[in-house]
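Only one structure is covered here, and it is reproduced in the block below.
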Amino acid sequence: MFNKLLTLRQQGFRLGTMTTHDVEIAIVGAGFSGLGAAIKLSQNGVDDYLVIDRGSDFGGTWRDNTYPGAACDVPSHLYSYSFAQNPDWSRSYSHQPEIHGYINGVADNYGIGARTWFTSEVESAHWNEDEHRWELSVSRSVDGGPAEQVTVRARHLVGAVGPLCEPNLPDIEGIDGFGGTIVHSARWDHEMDFTGKRVAVIGTGASAIQIVPQLGKVVGRLDVYQRTAPWIIPRNERPYLPVENWAFKNVPGLQNLIRGGIYGFNETVAAGMTFAPKALKPVELISRANIFKGIRDPKLREAVTPSYAVGCKRILKSNDWYPTLDQPNVDLVTDGIEKITEAGIVSRDGTLREVDVIVVATGFHVTDSPVFATIHGADGRSLADVWDQTGMRGYKGSFVHGFPNMMLLIGPSTGLGHTSMVYMIESQLNYLVDYIRTARRSGITRTEVTEEAQDRFNSGIQHTLRNSVWVNGGCSSWYQDEHGNITTVWPGFTFTFRNATRRFDIAAYDVQKGADRTASTASGAAPQPAVAGS
Ligand SMILES: Cc1cc2nc3c(=O)[nH]c(=O)nc-3n(C[C@H](O)[C@H](O)[C@H](O)COP(=O)(O)OP(=O)(O)OC[C@H]3O[C@@H](n4cnc5c(N)ncnc54)[C@H](O)[C@@H]3O)c2cc1C
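With the first letter of the sequence shown counted as 1, position 512 gets the number 1269 in my numbering; the numbers rise by one all the way through.
See the structure below:
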């Protein structure tokens, strides 16, 4: 009988017209974070979880960003899971198809697909105070069929929805009336043939500097609209020799050694960014030399030289960005955009540049993600409501006061400008596993970080930031929210974060035990109907 109920529960059961699925842990997102969470929970004997993703396979960022030239900018030996190292990387910095393949390969090895719902979008999540559970309203499509509404009830919610997931379209007058095609870097149109076309690229961030050199090879004319120039250092990218791949596979400890070397070097940059921005002068000199080498025209050199301290915005890596800007078919436009017309883009000096395609490489909704409006905590307010007032705030990038039993992966104050986000994700996975273990061991059904602990944590972050390049470097970037607060960046060394998340520090939380007033399927009793409107 119990087995039958368990099977029903795992497959979802239908009540009236609403299908309900009960699970201990709902993990929303199947990128590096969500997949890593599933693997670590499984490895620690926690199998009662469900991964939900609106896409059609694993990969998140690396499934969605398929623009020409898409690649990581942290070497692959570090930008990968420590527990699933890959001796077969073909290059020092892998490109999107290889990273996407790697993530899906890891998911296969650990059998996570069997516990994952793809093409399933979580439309809302509400905390049910009576049951100490999250109720997720999911629009689920199976095998290309019509979407069905499913309620997923979960004791714990893991939000692994990614900070760079919701494309940001620029709010430019007239953009809707453009007569040509608009393509966002994160939703590339592979049907579009750019050969010989007149193309504008808006943005000069991490994606744009990878796209522009590729487009520059094929388009007729390319206008690149720059608001703020990035600091760009050379990219030490090269294919690996077969003998190197052999050694990665066969020499014990070699990959760990390489990971350690890259990690250690990158942490010296973290020290400069956080505590002594002037120590980053050598990075500035390397960037200036990169400009000098790549561009002949003195005016263009001046236009691409940033006016803020290196490190204030993400330091980018490219060998072909500057030479591309120097090509005769490429123009750098720095006057700012006045409006977009049916024919093209009008810059602030009144010039209309007619184009067939506009590529927007303007990033993502980081501090104002639409997802925040769909998650409703203990007092019914959404994350967006709360963070509109306070700015993005949380505790150890993981928990948010007012949102019990919800852990965010890559939440507030976890972003990096210098090294692999996978390191941060893995740190949080330790915290997640210990949190779940603690809750299970002690029969805890409700865990909420105290306001005091959260305030103390954020005061510490702001204190550490006070001498940093993000505060004093003279730039504005996506690291800052609309209040001007820096709420996305982890200041300092990443090993400090690893230490802070090694153990679940229950003293920072208000906990309740066994307040589950409904009969739960886990105890073998009949399932309760899903709450209407959830
Ligand atoms: C072009 C690009 C290059 C990058 N390069 C690097 C790099 O070199 N080094 C580095 O450290 N970082 C890099 N990053 C940052 C990168 O985002 C992180 O390293 C990492 O991939 C984030 O993984 P994630 O799983 O947290 O989020 P994501 O990979 O964004 O995954 C989030 C998942 O959540 C799903 N999702 C979101 N909302 C819902 C919903 N409502 N319902 C269901 N599913 C939902 C999405 O479909 C997605 O699959 C890069 C980012 C971009 C965009």
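Note that the Cβ used here is the ideal one computed from N, Cα and C, for glycine as well.
Task: Limits of the unbroken beta strand (DSSP E) element including V956 - done: Where V956 is concerned, the enclosing beta strand (DSSP E) stretches over 955-959.
- [ ] Classify A1287 as buried or exposed, calling it buried when 16 or more other Cβ atoms lie within 10 Å of its own Cβ.
- [x] Confidence in A1287 is poor, its pLDDT being 28 and thus under 50, which makes the residue's placement too unreliable to answer from.
- [ ] With a 10 Å radius around its C-beta and 16 neighbouring C-beta atoms as the bar for buried, classify R811 as buried or exposed.
- [x] buried
Task: Span of the beta strand (DSSP E), counted from its first residue to its last, around W846 - done: Taken as a continuous stretch (DSSP letters only), W846 belongs to no beta strand (DSSP E), as it is neither H nor E.
TODO: Measure the alpha-carbon distance for R1058 versus I1102 and round it to whole angstroms.
DONE: Near 24 Å, if we compare the C-alpha coordinates of I1102 and R1058.
TODO: Buried or exposed for E948, please, with buried defined as at least 16 other CB atoms from any protein chain shown within 10 angstroms of its CB.
DONE: exposed
- [ ] Determine the extent of the alpha helix (DSSP H) in which T823 is found, giving its start and end residues.
- [x] Premise fails: T823 is in no alpha helix (DSSP H) and is neither H nor E.
TODO: State buried or exposed for W874, treating a residue as buried only when at least 16 other CB atoms are found within 10 Å of its CB.
DONE: buried
- [ ] Using 10 angstroms around the beta-carbon of H1240, count the other beta-carbons present and answer buried if the total reaches 16, otherwise exposed.
- [x] Here H1240 is exposed. Its C-beta has fewer than 16 other C-beta atoms within 10 Å.
- [ ] Using only alpha-carbon positions, find the residue among T1124, V1116, V1090 that is nearest to L1109.
- [x] Minimum Cα distance to L1109 is reached at V1090.
Task: Nearest-angstrom Cβ-Cβ length linking I966 and I989, presumed shorter than 8 Å - done: 7 Å
Task: L1014 burial status per 10 Å Cβ neighbour count (16 or more: buried) - done: exposed
Task: Residue(s) in a DSSP beta bridge with N885 - done: R890
Task: Strand pairing of P924, partner residues [DSSP] - done: Under the DSSP definition of a beta bridge, P924 partners with F1121.
Task: Classification of R912 by the beta-carbon crowding that lies within 10 angstroms, buried from 16 upward - done: By the neighbour-count criterion, in which a residue is buried when 16 or more other Cβ atoms sit within 10 angstroms of its Cβ, R912 is buried.
Open item on the list: Assuming S1184 is part of the alpha helix (DSSP H), what are its boundary residues?
Closed with: Counting along the chain, the alpha helix (DSSP H) containing S1184 begins and ends at 1178-1199.
Task: Residues near S837 by beta carbon distance below 7 Å, same chain, minus five either side - done: Cβ within range, chain order: N843, Y859, V1179.
Open item on the list: Given a cut-off of 8 Å on the beta-carbon distance, is the pair I1043 and F935 in contact?
Closed with: It is not a contact, given that the beta carbons lie outside the stated cut-off.
TODO: Kindly indicate which residue of T1176, D933, S847 has the alpha-carbon position closest to the one of K1006.
DONE: S847
- [ ] Return the first residue and the last residue of the alpha helix (DSSP H) that M949 is part of.
- [x] It is not in any alpha helix (DSSP H) - M949 carries neither H nor E in the DSSP assignment.
Task: Buried or exposed (CB count within 10 angstroms, at least 16 for buried), A943 - done: Label assigned to A943: buried.
Task: S1075 beta carbon near ligand 3 (any heavy atom closer than 7 Å) - done: Within the structure as shown, ligand 3 is missing, the only ligands being ligand 1.
Open item on the list: What ranges does the alpha helix (DSSP H) occupy inside the region 1013-1068, keeping only unbroken runs of at least 4 residues that lie completely in it?
Closed with: 1038-1051, 1055-1060
Open item on the list: Classify A827: buried if its beta carbon has 16 or more other beta carbons within 10 angstroms, exposed otherwise.
Closed with: buried
Open item on the list: Is it buried or exposed, K1270, if we count other Cβ atoms within 10 angstroms and call 16 or more buried?
Closed with: Of the residues assessed, K1270 falls on the exposed side of the cut-off, its CB having fewer than 16 other CB atoms within 10 angstroms.
TODO: Quick one: give me the first and last residue of the beta strand (DSSP E) that Q983 is part of.
DONE: From DSSP, Q983 is part of no beta strand (DSSP E); its letter is neither H nor E.
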